[in-house]
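Participant:
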Amino acid sequence: PQCFLTLMEVVSGLLAPALANRSRDKRVALVVLLTLMTTGFAGL
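In our numbering, the protein residues as written are 11 to 54.
#1: What do you get for residue 46, buried or exposed, if any count of 16 or more other CB atoms within 10 angstroms of its CB means buried?
#2: Is the CB-CB distance between residue 51 and residue 15 below 9 Å?
#3: In three-state terms, what does DSSP make of residue 37?
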């Protein structure tokens with residue numbers, strides 16, 4: 011369980027700069043990151 015949360019945090023941390031720099035519209039990146047974080051917390 012704790013491993014899943016850590017994995018989601020790492021994935022979102024690595025994807026954040028890539029997604030934010032790729033597109034002009036930051037809302038898509040924000041939604042993806044919030045979804046990943048919520049999924050990680052739900053895994054607890």
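For glycine and all other residues, C-beta sits at the position ideal for the given N, C-alpha and C. Since this is a predicted model, take the numbers as computed values, not measurements.
Facilitator: Result, derived from the coordinates:
#1: Classified as buried, residue 46 has 16 or more neighbouring CB atoms from the shown chains inside 10 Å of its CB.
#2: Yes; because the gap between Cβ atoms is below 9 Å, this pair is in contact.
#3: Helix at residue 37.
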